[in-house]
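Chemist:
As structure tokens, this is what we get:
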């Protein structure tokens, strides 16, 4: 099957949306937790969290334009300066998926989707109690992407809170054992099975593949 | 386990690198194929490919600074204006992993890692023959990320070439059936098992989670 740019442009809108959202492969499934100045919590699923650097530790995520629809997550981050990123655990994929419904501003997705907030001292934003990987973020920068009007939101890591036994002495996380899931396209969820682990790729240790 | 910003700053470098590269969850495994003006091919694994928009179809990926080490992928993209993104199939994870070794400029990772290039008419950059999802990209924009000096490279989709049977009539890709894999941290690879599929989250159709 070969789709050209023109095929995509003239394709049915939903077909294009599903296809183009799927072609990058499996994406991480995370819930972003925020709180408003009035103390209203908000929770939203994102598949666009991305690693930007380890020292200092920076993560990014992509938001659609703010002009067309209200973006409670965006507004809360910019006002409060803190947010959380929480891995979606396998038993909670349906709850997490439906946080993307357009709930009213006064409705918290924590309540509507039966997901439980938890807090740590001196950090405003709510974490997801059930999540095996909870990350407390400080907002750093907002980068407009001229090509299509989306926004790259960048933050630095202030806290990493892990389920017991998830990290080993090398810093590796047991994603499969931690019931961490991935997303395909807009609506499919995947569990993980580890199939390989390879060392840092030194030139002198490249296997003979011939 | 709770790591604060200070814990991360004072941690062993490799521990921090492994941990912070793992905390976003599972990442897509893709090979970026490029060619130089002299016709030398290059292939490199990236776990930072990200969806930016569907209409027009835009994808991005993150590169580390170009000042410290040669970045053949970057140079080729900027000069030629075309590149390919190719999903790593399960039987090829070790080959794909070792494309990250620092091969000399005159060495092609296609040859060293026994991965096969393939071409289509009127498109310079090489695709990966064995890949179930091949994407032909036109370079659009380079966005410097001030926070840590990385670069977000943005391109538009010109071609999508899929293995037979991978896409259904709705535009959904069968990632698990296509042997598409994910990456954890810097060196772990995961196969996928589909565990859920949910409809677009309409407010009127949110399940009663209570």
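Protein chains in written order, with our numbering: chain A, 31 to 240; chain B, 31 to 240.
Glycine residues also receive a C-beta, built at the ideal position from the N, C-alpha and C atoms.
For clarity, every value in this text was computed on a predicted model and none was experimentally measured.
Just checking: is the beta-carbon of residue 128(B) within a distance shorter than 9 Å of some beta-carbon in chain A?
Modeler: Within the second chain, numbered from 1, the residue matching residue 128(B) stands at position 98. True, the Cβ-Cβ gap to chain A drops below 9 Å.
Chemist: Taking 6 Å as the limit between beta carbons, can you name the residues of its chain near residue 210(B), skipping five residues before and five after?
Modeler: Position 180 of the second chain, counted from the start, is the residue given in the question as residue 210(B). The answer, listed in chain order, is 117.
Chemist: Let me know if residue 40(A) comes out buried or exposed under the rule of 16 or more other beta-carbons within 10 Å of its beta-carbon.
Modeler: In the first chain, counting from the first residue as 1, residue 40(A) sits at position 10. Looking at its Cβ environment, which holds fewer than 16 other Cβ atoms inside 10 Å, residue 40(A) is exposed.
Chemist: Quick check: what's the CA-CA separation for residue 114(A) versus residue 159(A)?
Modeler: Here residue 114(A) refers to the residue found at position 84 when the first chain is read from its first residue. Here residue 159(A) refers to the residue found at position 129 when the first chain is read from its first residue. Cα to Cα, the separation comes out at about 11 Å.
Chemist: So is residue 202(B) buried or exposed if we call it buried at 16+ other beta carbons inside 10 Å?
Modeler: By 1-based counting over the second chain, the position of residue 202(B) is 172. Its Cβ being crowded by 16 or more others within 10 Å, residue 202(B) is buried.
Chemist: Tell me, please, whether the CB atom of residue 83(A) is closer than 9 Å to any CB atom in chain B?
Modeler: Locating residue 83(A) in the first chain gives position 53, counting from the first residue. Yes, its Cβ sits closer than 9 Å to a Cβ of chain B.
Chemist: Cα-Cα, which of 199(B), 227(B), 200(B) and 198(B) is closest to residue 212(A)?
Modeler: Position 182 of the first chain, counted from the first residue, corresponds to residue 212(A). Of 199(B), 227(B), 200(B) and 198(B), the residue nearest in Cα terms is 227(B).
Chemist: Go through its chain and collect everything with a Cβ distance to residue 170(A)'s Cβ below 8 Å, but skip five positions before and after it.
Modeler: Position 140 of the first chain holds residue 170(A). Hits under 8 Å: 88, 184, 185 and 186.
Chemist: Note down, in chain order, each residue of its chain lying with its Cβ closer than 6 Å to the Cβ of residue 51(A), except the 5 sequence neighbours on either side.
Modeler: On the first chain, residue 51(A) is found 21 positions in, with the first residue counted as 1. Taken in chain order, the residues that qualify are 215 and 216.
Chemist: Distance cutoff 9 Å, beta carbons only. Does residue 159(A) sit that close to anything in chain B?
Modeler: Along the first chain, read from residue 1 onward, the residue named residue 159(A) stands at position 129. With 9 Å as the cut-off, residue 159(A) does not count as an interface residue toward chain B.
Chemist: Going by DSSP, which residues form a beta bridge with residue 114(B)?
Modeler: Counting from 1 along the second chain, the entry for residue 114(B) is found at position 84. Answer is 63(B) and 166(B).
Chemist: Going by DSSP, what residue range makes up the alpha helix (DSSP H) through residue 126(A)?
Modeler: Counting from 1 along the first chain, the entry for residue 126(A) is found at position 96. Taken as a continuous stretch (DSSP letters only), the alpha helix (DSSP H) holding residue 126(A) covers 123-127.
Chemist: List the DSSP bridge partners of residue 87(B).
Modeler: One-based indexing of the second chain puts residue 87(B) at position 57. DSSP output for residue 87(B) lists 84(B) as bridge partner(s).
Chemist: Taking any Cβ of chain B, which residues in the region 119-148 of chain A have a Cβ under 7 Å from it, in chain order?
Modeler: Within the region 119-148 of chain A, the qualifying residues are 120, 123, 124, 125, 127, 128, 130, 131, 132, 133, 142, 143 and 144.
Chemist: Go to residue 51(A), then tell me how far its alpha helix (DSSP H) extends in each direction, as first and last residue.
Modeler: What you label residue 51(A) is simply residue 21 of the first chain in a count that begins at 1. Its alpha helix (DSSP H) spans residues 43-52.
Chemist: Assess, as a yes-or-no matter, whether the region 147-164 of chain A is touched by the region 60-72 of chain A under the definition of 3 or more beta carbon pairs within less than 8 Å.
Modeler: They touch, by the three-pair rule.
Chemist: Check whether the Cβ of residue 230(B) lies closer than 9 Å to any Cβ atom in chain A.
Modeler: Translated into the one-based positions of the second chain, residue 230(B) becomes position 200. At least one chain A Cβ lies under 9 Å of residue 230(B).
Chemist: Can you check which of these residues, 168(B), 120(B), 37(B) and 136(B), is closest to residue 68(B) by C-alpha distance?
Modeler: As a first step, residue 68(B) must be located in the second chain, where it is residue number 38. Minimum Cα distance to residue 68(B) is reached at 136(B).
Chemist: Thinking C-alpha only, which one of 233(B), 232(B), 224(B) and 235(B) is nearest residue 123(A)?
Modeler: Here residue 123(A) refers to the residue found at position 93 of the first chain. The option with the nearest alpha carbon to residue 123(A) is 224(B).
Chemist: CB-CB under 7 Å to residue 168(B), same chain, minus the five flanking residues each way: which ones, in chain order?
Modeler: Along the second chain, one-based indexing puts residue 168(B) at 138. Same-chain partners within the cutoff: 111, 112, 185, 186 and 188.
Chemist: According to DSSP, is residue 104(A) helix, strand or coil?
Modeler: Within the first chain, numbered from 1, the residue matching residue 104(A) stands at position 74. The answer is helix: DSSP assigns residue 104(A) an H, G or I state.
Chemist: If we cut at 9 Å on Cβ distances, does residue 113(A) have a partner in chain C?
Modeler: Chain labels in this structure do not include chain C; the protein chains are A and B.
Chemist: Hey, does residue 173(A) have any beta-carbon neighbour from chain B nearer than 9 Å?
Modeler: To locate residue 173(A), count along the first chain from 1; it is residue 143. Output row for residue 173(A): interface = yes.
Chemist: Return the first residue and the last residue of the alpha helix (DSSP H) that residue 35(B) is part of.
Modeler: Taking the first residue of the second chain as position 1, residue 35(B) is located at position 5. Run containing residue 35(B): 35-40, per the alpha helix (DSSP H) assignment.
Chemist: At which residues does the alpha helix (DSSP H) containing residue 221(B) begin and terminate?
Modeler: Sequence index remark: in the second chain, residue 221(B) carries index 191 (1-based). That residue, residue 221(B), is in no alpha helix (DSSP H); its beta strand (DSSP E) goes 218-227.
Chemist: Excluding the five sequence neighbours on either side, which residues of its own chain have a C-beta within less than 8 Å of the C-beta of residue 56(A), listed in chain order?
Modeler: The sequence position of residue 56(A) within the first chain is 26, counting from 1. Counting only Cβ-Cβ distances below 8 Å, and skipping sequence neighbours, we find 212, 213, 214 and 220.
Chemist: Report, in whole angstroms, the separation of the C-beta atoms of residue 128(A) and residue 236(B), which I expect to be a contact under 8 Å.
Modeler: Position 98 of the first chain, counting from 1, holds the residue named residue 128(A). Position 206 of the second chain, counting from 1, holds the residue named residue 236(B). About 5 Å; that satisfies the 8 Å criterion.
Chemist: Using the three-state DSSP reduction, which class does residue 140(B) fall into: helix, strand or coil?
Modeler: On the second chain, position 110 is the one that residue 140(B) refers to. Helix.
Chemist: Looking only at its chain, what residues have a beta carbon closer than 7 Å to the beta carbon of residue 164(B), apart from the 5 residues adjacent to it on each side?
Modeler: If you number the second chain from 1, residue 164(B) lands on position 134. Excluding positions up to five away in sequence, the list reads 114, 116, 157, 158 and 191.
Chemist: Which residues bound the beta strand (DSSP E) around residue 74(A)?
Modeler: Here residue 74(A) refers to the residue found at position 44 of the first chain. 71-76 is the extent of the beta strand (DSSP E) around residue 74(A).
Chemist: Tell me the DSSP bridge mates of residue 93(B)?
Modeler: Within the second chain, the letter at position 63 stands for residue 93(B). DSSP lists 181(B) as partners of residue 93(B).
Chemist: Which first and last residues belong to the beta strand (DSSP E) in which residue 214(A) is found?
Modeler: For this step, residue 214(A) is matched to residue 184 along the first chain. Looking at the DSSP string, the run of the beta strand (DSSP E) that includes residue 214(A) is 211-214.
Chemist: For the region 181-193 of chain B, list every residue whose C-beta sits within 7 Å of some C-beta in chain A, in sequence order.
Modeler: Residues passing the 7 Å Cβ filter: 182, 184, 187, 188, 189, 190, 191 and 192.
Chemist: For residue 204(A), collect the residues of the same chain with a Cβ closer than 6 Å to its Cβ; drop the 5 residues on either side in sequence, then sort them by chain order.
Modeler: Position 174 of the first chain, counted from the first residue, corresponds to residue 204(A). Same-chain partners within the cutoff: 196.
Chemist: Any beta-carbon of chain B closer than 9 Å to the one on residue 227(A)?
Modeler: Along the first chain, read from residue 1 onward, the residue named residue 227(A) stands at position 197. Yes - at least one Cβ of chain B is within 9 Å of the one on residue 227(A).
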